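Before any comments, here is the structure.
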Amino acid sequence: MLTGTIPRWLDRRVLLTPDREAYCDSHNGVRLNFQELSEESLRLAEGFRTSGTVRKGDRVALLLENCAEFLVCVLALARIGAVVVPLNWRLTANELAEILVDCGPSVLVYGQQFVATMQALNSNGSLRDVSLCVRVGSRDGVPPFGCSYGSLLGATAVAEPFVEVDPDDILFILYTSGTTGAPKGAVHTHSTVLAAVQTIVATLHYAEHERFFSPVPMFHVAALTPLLCNLYKGVTSVVMNGFEPELAWEVIAKERVTSGIAVPAMLNEMLRANVLSGLDVTSWRWCLAGAAPVPDFLVQRFAQLGVSLLQTYGLTESCGPACTIDPQNAMQRPGSTGKPFFHTDVRVARGDGSDCSPEEIGEVFVRGEHVMQGYWNQPEATASVFSDGWLRTGDAARVDSDGFLYIE
8 MLTGTIPRWL DRRVLLTPDR EAYCDSHNGV RLNFQELSEE SLRLAEGFRT SGTVRKGDRV
68 ALLLENCAEF LVCVLALARI GAVVVPLNWR LTANELAEIL VDCGPSVLVY GQQFVATMQA
128 LNSNGSLRDV SLCVRVGSRD GVPPFGCSYG SLLGATAVAE PFVEVDPDDI LFILYTSGTT
188 GAPKGAVHTH STVLAAVQTI VATLHYAEHE RFFSPVPMFH VAALTPLLCN LYKGVTSVVM
248 NGFEPELAWE VIAKERVTSG IAVPAMLNEM LRANVLSGLD VTSWRWCLAG AAPVPDFLVQ
308 RFAQLGVSLL QTYGLTESCG PACTIDPQNA MQRPGSTGKP FFHTDVRVAR GDGSDCSPEE
368 IGEVFVRGEH VMQGYWNQPE ATASVFSDGW LRTGDAARVD SDGFLYIE
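With the sequence shown counted from 1, adding 7 to any position gets you the working numbering.
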């Protein structure tokens, strides 16, 4: 499998298709081509570096809704070897405080929507060791130890900051609560993330000039990894901030969306919206659907619209991919989440680690170069989920005689 780093792959994409649209924000109309995306990430990388608050290996937390600045931050921080920690903005201040204590960020980038949350974090002492808070949006209310996003950007593009970034350097700490206990940060390197990208693009049918729709929050691996797939393949990311079913259809029609990702609840709301009259959505070919079982009626209804729903099963620990199933097989095998992605191994095993027989219920094990290094600051938890190179998911499942997985 090809190796490298996110900055190198972005540079290659800019060389190949500099003028192709990389990012489209359906909320505020921001559009960036790959050249512009790269240049802004370079300016921000230099701003972070010269601020003296971010060195290689430092953690930078992002408390942002879906916006271009989120992606620019990821690419900028990747250029200087920093570690990106996306924060779930649905969590309470106390829950976020637990994560901040665990990962110890030197910088926190936040959106203006979260001023109250930042004030609560400041009051409970969670920002005591944060050197800099960067506000995206209005400068009003920026704390004394903070600055605005715009102030970190130089007036013109700069040469790449001289920081040696290796494939095995950590890129993300992605927090997942799992089923019980405190949040755990799944550690992903440039190498594991790029392996996830490659296994996804090797499995799915990306076309030239694809336009990929995502209303999924960027802090989630289900949105974050596809964004990087789009960078790799030269695909336009059409991003929605705050899901509205009627507006989703309008965006799909206006932007000539060809592919995308959504959770089943979103897709169900879109069908119930009943606003398709007068809208041309024939460009939309396929959509990933995951995070919950996909009912058969959704698969059928979207197939009638010409959209193939590809149910997926994945984990934060695998940087997303594990299994997927196409509509035809989904209808023939109700309840199945399909077969493994191209560069992924999945098996169902007994408590002693031996493979289960067909239809025997056991635990799902996943293996691939895209599986995390481990949990941040939790060696015991890490040891408990790895067995002979396989990741133990804790999910109960069975496999039929044709190799299709069913989560129980």
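All C-beta atoms in this analysis are idealised placements derived from N, C-alpha and C, irrespective of residue type, glycine included.
Source: prediction; values computed, not measured.
Expected contact under 8 angstroms - CB spacing of residue i and residue j to nearest Å
i, j, result
"Val141", "Leu160", "Wrong, their Cβ atoms sit about 11 angstroms apart, outside the cutoff."
"Ala388", "Lys191", "6 angstroms"
"Arg86", "Val194", "Not really, about 19 angstroms apart at Cβ, beyond 8 angstroms."
"Ser428", "Val373", "In the structure as shown, the chain begins at 8 and stops at 415. Residue 428 is therefore absent and cannot be evaluated."
"Leu44", "Val116", "Between Val116 and Leu44 the Cβ distance is about 17 angstroms, and since that is not below 8 angstroms, they are no contact."
"Ala52", "Thr243", "Not a contact, Cβ separation roughly 23 angstroms."
"Ser33", "Asp65", "Between Asp65 and Ser33 the Cβ distance is about 33 angstroms, and since that is not below 8 angstroms, they are no contact."
"Val270", "Ser290", "Rounded, the Cβ-Cβ distance is 22 angstroms, inconsistent with contact."
"Trp16", "Leu201", "7 angstroms"
"Ile414", "Thr344", "6 angstroms"
"Ala280", "Pro252", "4 angstroms"
"Met225", "Phe393", "The pair is not a contact, with the Cβ atoms about 28 angstroms apart (cut-off 8 angstroms)."
"Glu370", "Thr400", "7 angstroms"
Burial state of residue i (16 or more Cβ within 10 Å)
i, result
"Thr186", "The pLDDT assigned to Thr186 is 49, lower than 50, so where the model puts this residue is not dependable, and the model offers no usable value."
"Gly313", "exposed"
"Gln418", "Outside the displayed span of the chain (8 to 415) sits residue 418, for which this structure offers no information."
"Leu82", "buried"
"Leu23", "exposed"
"Gln307", "exposed"
"Ala230", "buried"
"Ser364", "exposed"
"Val108", "exposed"
"Arg62", "exposed"
"Ala404", "buried"
"Asn237", "buried"
"Pro222", "buried"
"Thr99", "exposed"
"Thr199", "buried"
"Pro341", "exposed"
"Pro386", "exposed"
"Asp407", "exposed"
"Leu9", "exposed"
"Gly375", "buried"
"Thr57", "exposed"
"Ser391", "exposed"
Of the residues the options, the one placed nearest residue i, counting alpha carbons only
i, options, result
"Ile259", "Leu238, Gly285 and Ala272", "Gly285"
"Leu316", "Met338, Ser325 and Leu322", "Met338"
"Cys294", "Asp287, Met273 and Asn281", "Met273"
"Thr323", "Leu398, Ile106 and Asn129", "Leu398"
"Leu278", "Ser58, Phe309 and Lys261", "Phe309"
"Pro302", "Asn275, Val288, Ser325 and Arg292", "Asn275"
"Val208", "Glu253, Pro174 and Ser266", "Ser266"
"Asn129", "Cys110, Ser145, Leu103 and Gly144", "Leu103"
"Phe411", "Ser394, Thr319 and Trp383", "Thr319"
"Ile13", "Asn35, Thr57, Val79 and Thr60", "Val79"
"Gly88", "Asn336, Leu178, Glu366 and Ala299", "Leu178"
"Asn35", "Phe393, Gly144 and Arg97", "Gly144"
"Arg27", "Gly375, Arg218 and Arg97", "Arg218"
"Leu283", "Gly297, Leu254, Glu262 and Phe304", "Leu254"
Segments of 4+ residues assigned as alpha helix (DSSP H) that fall wholly inside the stretch 11-60: 13-23 and 41-58
Given 8 angstroms as the limit, is there contact between the stretch 321-331 and the stretch 341-350, that is, 3 or more CB pairs closer than that? yes
In chain order, which continuous runs of the alpha helix (DSSP H) of length 4 or greater are located wholly inside the stretch 74-154? As far as the stretch 74-154 is concerned, its whole alpha helix (DSSP H) runs of at least 4 residues are 75-86, 100-110 and 122-130.
Given 8 angstroms as the limit, is there contact between the stretch 91-109 and the stretch 38-55, that is, 3 or more CB pairs closer than that? no
Is the stretch 178-195 touching the stretch 205-217, taking contact as three or more C-beta pairs under 8 angstroms? no
Cβ contact (3+ pairs, closer than 8 angstroms) linking the stretch 241-248 and the stretch 53-73: yes
Just to confirm the assignment: which complete alpha helix (DSSP H) runs, minimum length 4, are found wholly within the stretch 264-328? 271-280 and 303-311
Okay, do the stretch 125-137 and the stretch 18-36 touch, 3+ Cβ pairs below 8 angstroms being the bar? no
Quick check on the DSSP output: what are the complete beta strand (DSSP E) runs of length 3 or more inside the stretch 168-222, in order along the chain? 177-183, 191-196 and 218-221
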